[in-house]
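Let me begin by presenting the structure, written as structure tokens, before commenting on it.
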Amino acid sequence: MPVPSSTRPGDYATRLQKALLAVAWALFFSTCGLLPGVARAEEELAPPRYVAVVDETGRPVSSTCHILRPGDELLTSDNRRYRIVRVEKYRAVARLVAQENLDTLLSPEDEEAIARLLGEPTGATPGSRWSGWWRRLRGIGQPAPAATPAPAQAASRVVGIYHTHSDESYEPTQGAASVEGKGGVFAVGASLAARLKEKGITPIHDKNLYLPHDGRAYERSRRGAVALAASRPLAILDVHRDSGPAEEYLRDIGGQPTSQVTIVIGRQNPQASANASFAERLKAVADRMYPGLVRGILYVSGKFNQDVHPRNILIEVGTEKVTQEQAQRGATLLADAIPVAAGAAGPAVGAGREAAGALRALWWVLGLTGLLGAAYLWLSTGSWEEARRRLERWLGEVTLRGGRRYGRK
Amino acid sequence: MPWGPLLLLAVAVLIYLGAAHRVLDRMRLTDRAALVVLLLMAAGSLVNFRLVPPPRELVINAGGGLVPLGVSVYLLATTDTAGERGRGTLAALLAGGAVYLLGRILPPEEQTMWMDPAYVFGPVAGLIAYLVGRSRRAAFAAGATGTILADLGHWAEGFVRPYPTRTWVGGAGAFDAVVIAALLAVGLAELAGEVRERVAARSPSAAAAPADHPRPPGEGPEGSG
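So the protein lines, in turn, are chains A and B.
Here the first sequence is numbered in my numbering, starting from 1 and rising by one per residue.
Here the second sequence is numbered in my numbering, starting from 1 and rising by one per residue.
Shown next, in the form of structure tokens:
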């Protein structure tokens, strides 16, 4: 029976080509604004400009300007780990999955360094791993001066700071939530840098403007992040501010209203495990020094340029409703915890976790590469048999070249 | 840096450079030329040239900007016909416009999209390049030059802004969006070409056609690399 001309296999190539062309033009015209609804659907966050996170009984857990999806995670101030199970526009429902104990991430050296920074008695002899603990248990030891920095153990003493969203500001101080070219986050970054300098760390504060606040902002700031990573820093921080009511972020720390800090980790990034390990150590140290300062850790989609360094994190300091001074105070206190968390005080307990996480990511990278390579071979050869033959030929060539190089025949 | 992340970084870089070498190899560059281009990209990542001083600063990185731009110009200049050259140039211009406008329209927060915006620009440029230019060479040129043109659009925007601006073309070196877009664009062109060829090969007209010009191994369906 003859095949009708309208469905002849000979037309498939032309049809496929036309379909591809249609998709290309649709994409192009959507970028020109002819189909703005398609591209802008997810941008309509206001009002309200934040997502409320509740548990399965409806009790408030947290809030954030970050759009959450099922599978994202949240570690709260009191170390309860939640996983987002459902998102209903501006409300995300989270399930409690674990109660973490971040104290296990701190080594005796960290404890010594924290005590030293807080001016508590340590009695540690430099180089002794357990003496600090023992002496503290026995209640002896001389208090050290409050401002004494932790002993320098790590090779690097540099911390990089930059601002992808250079316009983010604080309404009570600057009169607007977004001030192009003069964002309040720069003053917050400067406070962080100043305190780090007091602690013997060399801050590199990248003050470049990566404006406008659009879809290519992270691509532009990536260039700054790579430049900071080249200076082999202890850590890199992309300083932002969150959205939401002031009371969500303001806490009384040391007798003064202080803005809390949320740490954000991009899960779509091969270094995510290492970044998360650092974030959790930072929270553990900050919890000891200034309980309540770190509001939590968010593990969301995206990569936020965190693939350029294993200790690259994004921090949200306050919301647009807190004053710039309150945010600066929060950043200053966080700076006290950074050198210890980044391993400046000694070997970091989290290093093993970073390595394990990296190894997992390594298998993923290798597996995906193999899978994509196999798919490409199959597609380009037409059958698994031919793909296998081509691979064998290629391997044969490589072996032959290697053999010749080392004098084998 | 702990050994784990270091190993991961090393393997990722090796795979990335291996893929980049393979892509360059598919564009009538010899093995050695492809390797030289890769080395220039890697070494050039550390070199920046300031083309325009502040307050409207324009900086170009050698590895992430100049080398991909040079390769694009070379690929377009050595095409077989003027038509192909014209289509390649048009594809680059269209891709530039699309990347620039996509950057303005896509949500500013990465996590609001199902994939990282950095991986969107390349395939879009590649799709436009493949459909207009119909070759891998045009795809590479459109991916790289399109991203550079979008950066230049950002620089031009600076003249109407009341604060100093700095545009850094290819600043992340071999790992910049310029290079990533070019590689993804070629990958997409390769995929589209292979799929199209597979579909065409199954058609009766293709089966009946004389094999006067068999495609050499490694060549794409368009034969223009």
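No residue lacks a Cβ here, since even glycine has one placed at the ideal position from N, Cα and C.
* Asked: By DSSP, does A:Leu395 sit in helix, in strand, or in coil?
  -> Looking at A:Leu395 - three-state DSSP - the assignment turns out to be helix.
* To do: With B:Phe140 as the anchor, note down where its alpha helix (DSSP H) starts and where it stops.
  => Arg136 to Glu157
* Listed by chain order, chain B residues near A:His213 by CB distance under 8 Å -> Pro108
* B:Val59 to A:Arg311, Cα distance in whole Å? -> Put simply, the backbone Cα of B:Val59 is about 27 Å away from that of A:Arg311.
* Cβ neighbour criterion (16 or more within 10 Å) applied to B:Thr30 -> exposed
* Asked: Using the C-alpha atoms, what's the distance from B:Gly18 back to A:Glu392?
  -> 19 Å
* What does a CB cutoff of less than 6 Å around A:Ala335 pick up in its chain, not counting 5 residues either side in sequence? -> Leu192, Arg195 and Leu196
* Which whole runs of the alpha helix (DSSP H) in the region 318 to 346 of chain A are 4 residues long or more, in chain order? -> Scanning the region 318 to 346 of chain A from its first residue to its last, the whole alpha helix (DSSP H) runs of 4-plus residues come out as 324 to 341.
* Closest by CA to B:Pro54, which one among B:Trp168, B:Ala192, B:Leu191 and B:Val199? -> Measuring from the Cα of B:Pro54, the nearest candidate turns out to be B:Trp168.
* Interface flag, A:Val226 vs chain B, CB-CB below 8 Å -> yes
* Is B:Ala125 closer than 8 Å to B:Gly153 when the C-beta atoms are compared? -> no
* **Beta carbon of B:Ala181 nearer than 8 Å to that of B:Gly133** => no
* Drop a sphere of 10 angstroms on the beta-carbon of A:Ser383, count the other beta-carbons inside from all chains shown, and report buried for 16 or more, exposed for fewer. => exposed
* Contacts that A:Ala217 makes with chain B (C-beta to C-beta distance below 7 Å) -> By Cβ distance, chain B contributes Pro108.
* Please name the residues in the region 190 to 215 of chain A whose beta-carbon is closer than 7 Å to at least one beta-carbon of chain B, in chain order. => Asn208, Leu209, His213, Asp214 and Gly215
* Contiguous alpha helix (DSSP H) assignments of at least 4 residues, all confined to the region 249 to 325 of chain A -> 272 to 289
* How many Å lie between A:Gly255 and A:Arg157 at the Cα? -> 31 Å
* Asked: Is B:Met27 near B:Leu106, with beta carbons less than 8 Å apart?
  -> no
* To do: Identify which residue in A:Gly318, A:Gln324, A:Tyr290 and A:Gln271 has its Cα closest to the Cα of A:Tyr299.
  => Here the closest residue by C-alpha is A:Gln271.
* Asked: Which residue from A:Ala235, A:Gly175, A:Tyr376 and A:Gly71 puts its Cα closest to that of A:Leu320?
  -> Note on identity: in this sequence residue 320 of chain A is Glu, with Leu being the wrong assignment. Selected option, being the one with the closest Cα: A:Gly175.
* Which residue or residues does DSSP assign as beta-bridge partners of A:His205? -> A:Ile161
* With DSSP run on the structure shown, which of helix, strand or coil describes B:Tyr163? -> coil
* Asked: For A:Glu180, which residues of its own chain have a beta-carbon under 7 Å away from its beta-carbon, when the five flanking residues on both sides are left out?
  -> Contacts found: Asp167 and Leu211.
* Give the straight-line distance between the Cα atoms of A:Trp394 and B:Thr78, rounded to the nearest whole angstrom. => 29 Å
* **C-alpha distance - A:Leu250 paired with A:Gly318, whole-angstrom precision** => Taking the CA atoms as reference points, A:Leu250 sits about 8 Å from A:Gly318.
* **CA nearest to the CA of A:Gly215, picked from A:Leu228, A:Phe304, A:Pro233 and A:Tyr82** => A:Phe304
* Same chain, Cβ closer than 7 Å to A:Trp134, neighbours up to 5 away in sequence not counted -> Reliability of the predicted coordinates at A:Trp134 is poor, the pLDDT of 40 falling under 50, and no value is obtained from them.
* To do: With DSSP collapsed to three states, give me the class of B:Ala19.
  => In the three-state reduction of the DSSP assignment, B:Ala19 falls in the helix class.
* To do: Identify the continuous beta strand (DSSP E) that holds A:Thr64 and give its terminal residues.
  => Pro60 to Thr64
* In whole angstroms, what is the alpha-carbon distance linking A:Asp242 and A:Asn208? -> Between A:Asp242 and A:Asn208, the C-alpha separation is close to 20 Å.
* **Close Cβ partners of A:Lys218 (< 7 Å) along its chain, the five nearest in sequence each way excluded** => Just to set this straight, residue 218 of chain A is Tyr in the shown sequence, not Lys. Correct list, in chain order: Thr164, Phe304 and Asn305.
* To do: Kindly list the residues whose CB is nearer than 6 Å to the CB of B:Val52, restricted to its own chain and excluding five residues on each side of it in sequence; keep chain order.
  => The answer, listed in chain order, is Leu58.
* So, does the CB of B:Ile148 fall closer than 8 Å to a CB anywhere in chain E? -> You won't find chain E in this structure, because its protein chains are A and B.
* **chain A contacts from the region 86 to 107 of chain B (Cβ-Cβ distance under 9 Å)** => Correct list: Leu94, Gly97, Ala98, Val99, Tyr100, Leu101, Leu102, Gly103, Arg104, Ile105, Leu106 and Pro107.
* Asked: Expressed to the nearest angstrom, what Euclidean distance is found between the alpha-carbon atoms of A:Pro70 and A:Asn275?
  -> Put simply, the backbone Cα of A:Pro70 is about 21 Å away from that of A:Asn275.
* Under 8 Å, do A:Ala225 and A:Val97 count as touching if we go by C-beta distance? -> no
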